[in-house]
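A short write-up of the structure that comes next.
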Amino acid sequence: MKKLLFICLVLLSTKGFSQSFLKRFEFGLKAGANYSNFTNTDFATDPLVGFHAGATVAFKITDNFLVQEEFLFSSQGAKIKGDVFGNNDIKLYYISVPFLAKYRTNSGFYIEAGPQVGMKAKEEVKGLTVGEFAKKLDLAAAGGIGFQSKIGLGIGVRYIYGISKVGDFDITNIKTDFRSNVAQASIFYVF
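For the sequence shown, our numbering begins at 66 and goes up steadily by one.
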């Protein structure tokens, strides 16, 4: 009888724990615009407008502190003005995975920061015959602010500062150690 009572208590406490544990997760969808450019280049560039879209998952450590991971498809790059590459848009498409620490106030405003890894999915560089233009991996630091309403709808802005070198080509007199920087504006919905 004692064993049966013990098993029932364990099962009830496990069920209660698992339900409260699952309530700490927040899942969502996100989409928005990118405004990107290269820095530290020795060729002239202008910003390029792109997009991002994907899914988010967050774990609430406390009511206000969360750890959030996102899985986004993101287009970024730069407009090249003349020089070696001609007047072309360099479009780089990444699967971006930011891992962010997030503090959200009770009123819904939040601040977030953390690392981001981007895996190159595709690149579009017209007129370039040197093989790959960009490296397969893009490492960055991200930080942002935003607001999430009580119903889960939200807006946010984020700046992504490239840490790793973008260039992966060999052209004489052109530096490959330039970096990608992106400003994002997003709308999202958390279930």
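Built from N, CA and C at the ideal position, the CB exists for glycine as well.
Asked, Found
"Boundaries of the beta strand (DSSP E) in which T104 is found, first to last residue", "90-104"
"Which listed residue (F108, G217, K125, S245) has its alpha carbon closest to that of R89", "K125"
"When A98, Q213, F108 are compared against F244, the one with the closest alpha-carbon", "What sits at residue 244 in the sequence shown is Arg, not Phe. Ranking the options by Cα distance to R244, first place goes to F108."
"Alpha-carbon spacing of F256 relative to A118, whole angstroms", "16 Å"
"Cβ-based burial, N171 [other Cβ within 10 Å; buried from 16]", "exposed"
"C-beta atoms of K201 and Y158 nearer than 8 Å", "no"
"Simplified DSSP state of S161, which is helix, strand or coil", "strand"
"Residue(s) in a DSSP beta bridge with L113", "S101"
"F86 (DSSP reduced to helix, strand or coil)", "helix"
"Where K68 sits in the DSSP three-state scheme", "helix"
"Per-residue DSSP class, three states only, for T121", "strand"
"Pair within 8 Å by beta-carbon distance, K167 and D154", "no"
"Candidates G232, E91, L204, L87: closest to F253 by CA position", "E91"
"Close beta carbons around S101, own chain, < 7 Å, minus the five adjacent residues each side", "P112, L113, G115, Q141, G142, A143, S245, N246, V247"
"F174 beta carbon less than 8 Å from that of F130", "no"
"Among G93, G221, K156, K191, nearest to F288 - alpha-carbon criterion", "Residue coverage of the chain in this structure runs from 66 to 256, which leaves residue 288 outside it and unanswerable."
"Proximity winner among T241, Y224, G97, relative to V231 (alpha-carbon distances)", "T241"
"Helix, strand or coil at E197 [DSSP, three-state]", "coil"
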